[in-house]
Amino acid sequence: AAPLAMASGWAATRRVARAVRATIVHAHWVIPGGVIGRLSAGRRPLVISRHGSDVFVAEKHRAAGAAARYAFAGAGWVTACSDDLRDRAIVLGARQDRIETVPYGVDADRFRPDSALRRGVRQQLGLDDDRPLIFAAGRFVRKKGFEYLIDAAAELLPRWPRLLLVIGGGGDLEHELEDRVASRGIGAHVRFPGVLKQDAVAGHLAAADVAVVPSVRDDSGNVDGLPNVVMEAMASGTPLVTTAAGGIAAVAENGRTALVVEQRDPVGLAKAIDALLCSPDRRIELGTAARAVVIERWTWDRVAERFEAAYRRAAGGVE
255 AAPLAMASGW
265 AATRRVARAV
275 RATIVHAHWV
285 IPGGVIGRLS
295 AGRRPLVISR
305 HGSDVFVAEK
315 HRAAGAAARY
325 AFAGAGWVTA
335 CSDDLRDRAI
345 VLGARQDRIE
355 TVPYGVDADR
365 FRPDSALRRG
375 VRQQLGLDDD
385 RPLIFAAGRF
395 VRKKGFEYLI
405 DAAAELLPRW
415 PRLLLVIGGG
425 GDLEHELEDR
435 VASRGIGAHV
445 RFPGVLKQDA
455 VAGHLAAADV
465 AVVPSVRDDS
475 GNVDGLPNVV
485 MEAMASGTPL
495 VTTAAGGIAA
505 VAENGRTALV
515 VEQRDPVGLA
525 KAIDALLCSP
535 DRRIELGTAA
545 RAVVIERWTW
555 DRVAERFEAA
565 YRRAAGGVE
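Position one of the sequence shown corresponds to residue 255 (this note's numbering), numbered consecutively onward.
Pasting the structure below:
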């Protein structure tokens, strides 16, 4: 199946590149995208962007590692969404002088502080403005660390008996997470609304008092490149509690734009959330600083400028 998919991707990419008279091929994920990109590019410059799962596969499987080296050898420029992924790409064969970190962009018009949206979403959730709302979102897989957030919620409830935790998403661990909530006896305080569309994520972030991204490097070594919800929370001006897993540390500065705690530490998560719930002024301070950084560096317009520069470098041009 894999060779057939590769051949199909190669044929489709060549066809589209010719149809649109492409001057650059930009492949996402080194496997399989980077390989297909190199096979399809011909004399066109190739840019490869790395996102996380591709490097994990290449590190774990010899054939995938060889495929990654082949793709990198044909790339005029490589981007990674985090310093961690950049360094791991170099180990896999990317040239150190042809790679840079470019974090994901975010739509700062969709994700923004909005008092009317906050009131509306909290009303839909049946919450008055004084009830603490904690929000998280992502796939229900081990590297997201949601089990530690559930345990942190249980730690917080004696101090915050009206607290509500909403975790949007779905995946393999859904039933396990639901069982964990039940076993901790906190079912009245945790909701799983399912996979949320972008506007719903924006609404929940506007409504939340604290956003939490409890990412971890899982037991197999897999880790997020940079969860989108990190950038979305920062753009929303919602105070963020997170870990330094993967690429998060490249955008979330502890004490300035977020509170960063150790991985797999529910007590640490609980203490950081508690500190923010106790201080509305601190929440405003962190959220305001985070949004300012996003506007300065990581709107889609800013990230597009970075990719335009990458295309020029791949083509051998100058800045």
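Every residue, glycine too, gets a C-beta built ideally from N, C-alpha and C.
Report yes if the CB atom of Leu494 is closer than 9 Å to the CB atom of Val467, and no otherwise. Mapped onto the sequence shown, residue 494 falls at position 240. Mapped onto the sequence shown, residue 467 falls at position 213. In contact: Leu494 and Val467 (Cβ atoms closer than 9 Å).
Within 10 angstroms of the Cβ of Ala261, are there 16 or more other Cβ atoms? Answer buried if so, exposed if not. Stepping through the sequence shown from its first residue, residue 261 is reached at position 7. When all chains shown are included, Ala261 counts as exposed.
According to DSSP, is Trp331 helix, strand or coil? To locate residue 331, count along the sequence shown from 1; it is residue 77. Reduced to three states, the DSSP call for Trp331 is strand.
Sequence-distant residues of its chain with Cβ nearer than 7 Å to Val435 (five each side left out): Looking up residue 435 in the sequence shown gives position 181. These residues qualify, in order along the chain: Ile404, Gly441, Val444.
Check the C-beta distance from Ala661 over to Ala524 and give it rounded, since I have them as a contact under 8 Å. Any answer about residue 661 is impossible in this case: the structure gives the chain only from 255 up to 573.
In DSSP terms, what Gly253 is bridged to: Absent from the model: residue 253. The displayed extent of the chain is 255 to 573, so no value can be given.
Would you mind reading off the limits of the alpha helix (DSSP H) that contains Arg269? Working through the sequence shown from its first residue, we reach residue 269 at position 15. Here the alpha helix (DSSP H) through Arg269 covers 256 to 273.
Nearest residue (CA-CA) to Arg518, options Ala564, Ala499, Asp535, Gly330: One-based indexing of the sequence shown puts residue 518 at position 264. Closest option to Arg518, Cα to Cα, is Ala499.
Hey, Leu600 and Ala329: beta-carbon distance below 9 Å or not? Given a span of 255 to 573 for the chain in the structure shown, any question on residue 600 remains unanswerable.
Is the distance from the Cβ of Ala460 to the Cβ of Asp368 below 9 Å? Here residue 460 refers to the residue found at position 206 when the sequence shown is read from its first residue. Here residue 368 refers to the residue found at position 114 when the sequence shown is read from its first residue. Contact check for Ala460 against Asp368 passes: the beta carbons are separated by less than 9 Å.
Could I get the ranges of all uninterrupted alpha helix (DSSP H) runs contained in the region 430 to 511, with 4 residues as the minimum, in chain order? For the region 430 to 511, whole alpha helix (DSSP H) runs of length 4 or above, ordered along the chain, are 452 to 461, 482 to 490.
Span of the beta strand (DSSP E) around Leu513: Taking the sequence shown and counting its residues from 1, one reaches residue 513 at position 259. Taken as a continuous stretch (DSSP letters only), the beta strand (DSSP E) holding Leu513 covers 513 to 515.
If you compare alpha carbons, which of Ile285, Ala256, Trp264, Gly359 is closest to Arg557? The residue you call residue 557 lines up with position 303 of the sequence shown. Note that residue 557 is Val in the sequence shown, not Arg. Distances from the CA of Val557 to each of Ile285, Ala256, Trp264, Gly359 were compared; the closest alpha carbon is that of Gly359.
With 16 other Cβ atoms within 10 Å as the buried cut-off, status of Arg372: For the purposes of this step, residue 372 is identified with residue 118 of the sequence shown, where counting begins at 1. That one is buried.
Taking Val195 and Ala318 to be in contact with their CB atoms under 8 Å, please state how far apart those CB atoms are, rounded to whole angstroms. What the structure shows of the chain is the stretch from 255 to 573, and residue 195 is not part of that stretch, so it cannot be assessed.
With three or more C-beta pairs closer than 8 Å as the rule, is the region 282 to 293 touching the region 302 to 309? Contact between the region 302 to 309 and the region 282 to 293 is established, with three or more Cβ pairs separated by less than 8 Å.
Going by DSSP in three states, Thr277 sits in which element: helix, strand or coil? The residue you call residue 277 lines up with position 23 of the sequence shown. If DSSP states are grouped into helix, strand and coil, Thr277 belongs with coil.
Nearest to Val515 by CA position, among Gln378, Gly399, Arg393, is which residue? Here residue 515 refers to the residue found at position 261 of the sequence shown. Ranking the options by Cα distance to Val515, first place goes to Gly399.
Please state the DSSP three-state secondary structure of Ser303. Against the sequence shown, residue 303 aligns to sequence position 49. In the structure shown, Ser303 sits in a strand (DSSP, three-state: E or B).
Which of helix, strand or coil does DSSP assign to Val360? Here residue 360 is taken as the residue at index 106 of the sequence shown, counted from 1. Reduced to three states, the DSSP call for Val360 is strand.
Cβ atoms of Gly422 and Val395: under 9 Å apart, would you say? For the purposes of this step, residue 395 is identified with residue 141 of the sequence shown, where counting begins at 1. For the purposes of this step, residue 422 is identified with residue 168 of the sequence shown, where counting begins at 1. No; because the gap between Cβ atoms is not below 9 Å, this pair is not in contact.
Which residue or residues does DSSP assign as beta-bridge partners of Glu354? Here residue 354 refers to the residue found at position 100 of the sequence shown. Answer is Thr333, bridged to Glu354.
Could you pull out every residue in the same chain whose Cβ sits closer than 6 Å to the Cβ of Gly347, ignoring the five residues on either side in sequence? Along the sequence shown, read from residue 1 onward, the residue named residue 347 stands at position 93. Arg323, Phe326.
Look up His315 in the DSSP assignment and give the residues it is bridged to. In the sequence shown, counting from the first residue as 1, residue 315 sits at position 61. DSSP, once it has assigned bridges, lists no residue as partnering His315.
Inter-residue spacing [alpha-carbon to alpha-carbon] between Asp351 and Ala568: Stepping through the sequence shown from its first residue, residue 351 is reached at position 97. Stepping through the sequence shown from its first residue, residue 568 is reached at position 314. Roughly 11 Å separates the two Cα atoms.
Rounded C-beta distance between Asp429 and Val375? I'm assuming under 8 Å. Taking the sequence shown and counting its residues from 1, the one referred to as residue 429 is at position 175. Taking the sequence shown and counting its residues from 1, the one referred to as residue 375 is at position 121. First, the amino acid is wrong: residue 429 is His here, not Asp. Not a contact, Cβ separation roughly 27 Å.
Around the C-beta of Gly570, are 16 or more other C-beta atoms found within 10 angstroms, so that it is buried, or is it exposed? By 1-based counting over the sequence shown, the position of residue 570 is 316. Looking at its Cβ environment, which holds fewer than 16 other Cβ atoms inside 10 Å, Gly570 is exposed.
In terms of DSSP beta bridges, what is Thr553 paired with? Against the sequence shown, residue 553 aligns to sequence position 299. Note: Thr553 sits in a beta bridge opposite Val360.
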